[in-house]
Amino acid sequence: MINKIKNNVDTITILIAIHALQGVAANFAHPITPAYLSSLDFPSTMFGLVFAAMSFTNFAFSPFWGVMSRYIKAKKLVLIGAFGYALGQAIFGFSSNPYIIIFARLISGVFVSALFVGTGLYVVEKSSPEEKGRNITKMLTIFSVFGTIGFFIGGYIGGYSLKIPFIIQIVTLITVGILYYVFLEDNEVEEKMDFKRIISSSSPIVKSDKPLTKELVMNFWIVFLISIASTSLTQTFSYFIDDALKMTSVANGMTKGLVGLISLIFNFTIALRVVRSKDIQKNLIYIFAAVILTMLPMIGFNQTPYIFMTMGVVAMSIDTMPVSLLQGRTVAYSEDDAQGEMVGYHNTMKALGMIIGSLVASWIYEWNIVSPFLLSILLYIIGMLLLQRTRKYVK
Numbered sequence: 542m543i544n545k546i547k548n549n550v551d552t553i554t555i556l557i558a559i560h561a562l563q564g565v566a567a568n569f570a571h572p573i574t575p576a577y578l579s580s581l582d583f584p585s586t587m588f589g590l591v592f593a594a595m596s597f598t599n600f601a602f603s604p605f606w607g608v609m610s611r612y613i614k615a616k617k618l619v620l621i622g623a624f625g626y627a628l629g630q631a632i633f634g635f636s637s638n639p640y641i642i643i644f645a646r647l648i649s650g651v652f653v654s655a656l657f658v659g660t661g662l663y664v665v666e667k668s669s670p671e672e673k674g675r676n677i678t679k680m681l682t683i684f685s686v687f688g689t690i691g692f693f694i695g696g697y698i699g700g701y702s703l704k705i706p707f708i709i710q711i712v713t714l715i716t717v718g719i720l721y722y723v724f725l726e727d728n729e730v731e732e733k734m735d736f737k738r739i740i741s742s743s744s745p746i747v748k749s750d751k752p753l754t755k756e757l758v759m760n761f762w763i764v765f766l767i768s769i770a771s772t773s774l775t776q777t778f779s780y781f782i783d784d785a786l787k788m789t790s791v792a793n794g795m796t797k798g799l800v801g802l803i804s805l806i807f808n809f810t811i812a813l814r815v816v817r818s819k820d821i822q823k824n825l826i827y828i829f830a831a832v833i834l835t836m837l838p839m840i841g842f843n844q845t846p847y848i849f850m851t852m853g854v855v856a857m858s859i860d861t862m863p864v865s866l867l868q869g870r871t872v873a874y875s876e877d878d879a880q881g882e883m884v885g886y887h888n889t890m891k892a893l894g895m896i897i898g899s900l901v902a903s904w905i906y907e908w909n910i911v912s913p914f915l916l917s918i919l920l921y922i923i924g925m926l927l928l929q930r931t932r933k934y935v936k
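Take the sequence shown: its letter number 22 is residue 563 in the numbering used here, and every next letter is one higher.
Next up, the structure:
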């Protein structure tokens, strides 16, 4: 049965299907996290800390998994990642001690980076040069869309119990790891480990055997800044409707479900057209501008729930498109023999942005509840300026 599926279904299609289930699993606990932390009488800053903790080890270990992908087959790498992520979430969901909870999130971050690096590299290696960008877009879009389904299910179940979403998440993550290992093909790796190279290349500070091109450096900066902006938008939105608008976790889940539906349409129409366009940077500028324009009413009508939530759903749906498009740029700007490491560094810059975005957003939220949204707008404007500069390098 397994061999029949492998022989008759394209390996990228198999990976994307399992990646969809991973997206569902990764988001079961997100909608109930604010309520879960509130039930333990933690301050609002704890929400930023637990997100930042996971993002920190995701940031710190992405280069390590990037270089280890040279020696560990992708399907084994994602198996390790899925099992480790499940362990971290098990500790997180069944502890009431703030230090243990933060430790659990650190564990989750270590292994979630293995998942993202492993799946990203697999798509790059198994795709033809002309299909790499499109397949990355499809993979990340499916993850995002099915993630909102997980968000919706977790929010709905969380209305009855705050523990059950964690249990379902743990079981699903273990299942995902097994499915990856069973159904993915082997890829070529180096037989002998170069420990000197592993140590020298595992630093989260971006470095390479060859000088990075100007467009690659600029793209990493854009990934970093837009990651801060996106995190500030999405994390604050989830906390805002719980804290300021007094909505339930069910409402949180429903909004993310709508984001999933709309982003599916956006990514399989607009994003794929952008991938095929001659000037991807110019089209990304338009996408950034669209996020900004939809966020402005959120700020102006922040105490009008339906306007705030409607515009927030649209903004977050548009915000999903740069994720795959920017990773596609990283692959396009990289040499073939360095793509695994560059994907690792891309994930590092993204995770670093998530750390800073979650911490800064939670801190400035205490000062003014709409300030994280203003921060996102500012960073998207800077991103537009950097993209315009990048266009000069790639023409």
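Just so you know, even glycine gets a beta-carbon here, dropped at the ideal spot from N, CA and C.
Because the structure is a prediction, the values reported are computed rather than measured.
Going by DSSP in three states, E671 sits in which element: helix, strand or coil? Sequence index remark: in the sequence shown, residue 671 carries index 130 (1-based). In the structure shown, E671 falls within a coil segment according to DSSP collapsed to helix, strand and coil.
Classify W606: buried if its beta carbon has 16 or more other beta carbons within 10 angstroms, exposed otherwise. For the purposes of this step, residue 606 is identified with residue 65 of the sequence shown, where counting begins at 1. W606 comes out buried.
Kindly list the residues whose CB is nearer than 8 Å to the CB of L805, restricted to its own chain and excluding five residues on each side of it in sequence; keep chain order. Along the sequence shown, read from residue 1 onward, the residue named residue 805 stands at position 264. Take L805, set aside five residues on each side of it, and the residues of its chain with a beta-carbon closer than 8 Å to its own are T682, V686, in chain order.
The alpha helix (DSSP H) spanning L920 covers which residue range? Residue 920 sits at position 379 when you count from the first residue of the sequence shown. Segment 912–935, the alpha helix (DSSP H) holding L920.
Taking the Cβ atom as the reference point for each residue, do T678 and S865 lie within a distance shorter than 7 Å? Reading the sequence shown from its first residue, position 137 is the one you call residue 678. Reading the sequence shown from its first residue, position 324 is the one you call residue 865. The answer is yes: Cβ separation under 7 Å.
Cβ atoms of Q630 and I711: under 7 Å apart, would you say? Numbered from its first residue, the sequence shown carries residue 711 at position 170. Numbered from its first residue, the sequence shown carries residue 630 at position 89. Their beta carbons are under 7 Å apart, which means I711 touches Q630 by this criterion.
Can the beta-carbon of L928 be found less than 7 Å from the beta-carbon of L825? The sequence position of residue 928 within the sequence shown is 387, counting from 1. The sequence position of residue 825 within the sequence shown is 284, counting from 1. It is a contact, given that the beta carbons lie within the stated cut-off.
DSSP-derived helix/strand/coil call for P639: Here residue 639 refers to the residue found at position 98 of the sequence shown. Residue state, collapsed to three classes: helix.
So M895 and T772 are supposed to be a Cβ contact under 8 Å. How far apart are they, rounded? Start at 1 with the first residue of the sequence shown, and residue 895 comes out as number 354. Start at 1 with the first residue of the sequence shown, and residue 772 comes out as number 231. With 8 Å as the limit, M895 and T772 qualify as a contact, their Cβ atoms being about 5 Å apart.
Neighbourhood of S875 by C-beta distance below 6 Å, restricted to the same chain and skipping five residues each side: Taking the sequence shown and counting its residues from 1, one reaches residue 875 at position 334. Result list for S875: M883, in chain order.
Residue span of the alpha helix (DSSP H) that contains H560, given as start and end: Position 19 of the sequence shown holds residue 560. That run of the alpha helix (DSSP H) goes 552–567.
Where the alpha helix (DSSP H) through S580 begins and ends: Reading the sequence shown from its first residue, position 39 is the one you call residue 580. Residues 574–580.
Look up L647 in the DSSP assignment and say whether it is helix, strand or coil. For this step, residue 647 is matched to residue 106 along the sequence shown. Note: L647 maps to helix in three-state DSSP.
On the CB-based measure, 16 or more other CB atoms within 10 Å of its CB, does E731 come out buried or exposed? Residue mapping note: residue 731 aligns to position 190 of the sequence shown, counting from 1. Exposed is the call here.
Just verifying my parser: in three-state terms, what is the DSSP assignment at K891? By one-based count along the sequence shown, residue 891 stands at place 350. Secondary structure at K891: helix, using DSSP grouped into helix, strand and coil.
State the Cα-Cα distance for the pair E756 and V764, rounded to the nearest angstrom. On the sequence shown, position 215 is the one that residue 756 refers to. On the sequence shown, position 223 is the one that residue 764 refers to. Rounded to the nearest angstrom, the two C-alpha atoms are 12 Å apart.
Could you check if N808 is buried or exposed, using at least 16 other CB atoms within 10 Å of its CB as the buried criterion? Taking the first residue of the sequence shown as 1, we reach residue 808 at position 267. The residue is buried, with at least 16 neighbouring Cβ atoms inside 10 Å.
Give me the residue from G634, E726, E672, K797 with the minimum Cα distance to R817. Here residue 817 refers to the residue found at position 276 when the sequence shown is read from its first residue. Minimum Cα distance to R817 is reached at E672.
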